[in-house]
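I have placed the structure first, in the form of structure tokens, so that the comments after it can refer back to it.
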Amino acid sequence: MVCQGRKNKHPEFKLSLRPMVLNNFYRYFLGELAQLYDANEATAIALMMFEERSGFTKHSIITKPDMTLESNLQQQLTEDLARLTTGEPVQYVLGYTWFSGQRFSVSPAVLIPRPETEELVQEATETIQKKSFKTLLDVGTGSGCIPISIKLQVSKTIITAIDISKDALQIAEKNAHDLSAAVNFI
Numbered sequence: 000m001v002c003q004g005r006k007n008k009h010p011e012f013k014l015s016l017r018p019m020v021l022n023n024f025y026r027y028f029l030g031e032l033a034q035l036y037d038a039n040e041a042t043a044i045a046l047m048m049f050e051e052r053s054g055f056t057k058h059s060i061i062t063k064p065d066m067t068l069e070s071n072l073q074q075q076l077t078e079d080l081a082r083l084t085t086g087e088p089v090q091y092v093l094g095y096t097w098f099s100g101q102r103f104s105v106s107p108a109v110l111i112p113r114p115e116t117e118e119l120v121q122e123a124t125e126t127i128q129k130k131s132f133k134t135l136l137d138v139g140t141g142s143g144c145i146p147i148s149i150k151l152q153v154s155k156t157i158i159t160a161i162d163i164s165k166d167a168l169q170i171a172e173k174n175a176h177d178l179s180a181a182v183n184f185i
């Protein structure tokens, strides 16, 4: 996703949060994103944020347009929008991304895994299985998505992952724990 983020928060984000109906707030949210992203990307991000934060799907937004948003939900989405309009990636705002069919925690301490890396993981997994590698070392592990994804497919291989960032290692260890992947982190 390519975004031309704003340097300063939009003044409207500091409005007092009067209750708004779902459709009006969604249109406002989408309109703000449409200034930074193309229409399809803005829509995808808006729907992702609304579904994640509220459980509202596209269907809900269409069929319940006059539903009043709870103030805490409106506040959360307003804060999310402020972050998104500064160019912060949606994955960092949500705190997770999907990789190889698994949910991985992410933060600015780690890079967001790219779809091409999933292909690398698949090729590495096939090679490890064909050659019966006993051990594997991942250097600069970040979120741990590579060693964890491999470990979930090749359980007998001993995998060690290293990173110089303590923050990255904490995220990688959390991901390994959450996904029950026995990876050694250093």
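Residues in the sequence shown are numbered from 0 upward in steps of one, following numbering that gives the first Met the number 0.
For glycine and all other residues, C-beta sits at the position ideal for the given N, C-alpha and C.
Distance, Cα to Cα, E187 vs L110?
Residue 187 lies beyond the stretch modelled for the chain, which goes from 0 to 185, so this question has no answer here.
F49, enclosing alpha helix (DSSP H) - first and last residue:
By 1-based counting over the sequence shown, the position of residue 49 is 50. Per DSSP, F49 belongs to the alpha helix (DSSP H) from A38 to S53.
Given this structure, state the Cα-to-Cα distance separating T67 from A108, to the nearest angstrom.
The residue given as residue 67 occupies position 68 in the sequence shown. The residue given as residue 108 occupies position 109 in the sequence shown. C-alpha of T67 to C-alpha of A108: approximately 36 angstroms in a straight line.
For a minimum of 3 consecutive residues, which ranges assigned as the beta strand (DSSP E) are wholly contained in the region 70-155?
Annotation note: the region 70-155 contains the following uninterrupted beta strand (DSSP E) runs of length 3 or greater, listed N- to C-terminal: 95-98, 101-104 and 134-138.
Find the nearest neighbour of G100 within the set S59, F184, L151 and D79, judged by alpha-carbon distance.
Indexing the sequence shown from 1 puts residue 100 at position 101. Taking only the C-alpha atoms, the option nearest G100 is L151.
Would A181 be called buried (16 or more neighbouring beta carbons within 10 Å of its own) or exposed?
Stepping through the sequence shown from its first residue, residue 181 is reached at position 182. With fewer than 16 other Cβ atoms within 10 Å, it is exposed.
With burial defined as no fewer than 16 other Cβ atoms inside 10 Å of the residue's Cβ, what is the status of S148: buried or exposed?
Stepping through the sequence shown from its first residue, residue 148 is reached at position 149. Looking at its Cβ environment, which holds 16 or more other Cβ atoms inside 10 Å, S148 is buried.
Quick check: what's the CA-CA separation for Y25 versus I161?
Here residue 25 is taken as the residue at index 26 of the sequence shown, counted from 1. Here residue 161 is taken as the residue at index 162 of the sequence shown, counted from 1. If you take the alpha carbons of Y25 and I161, they lie about 42 angstroms apart.
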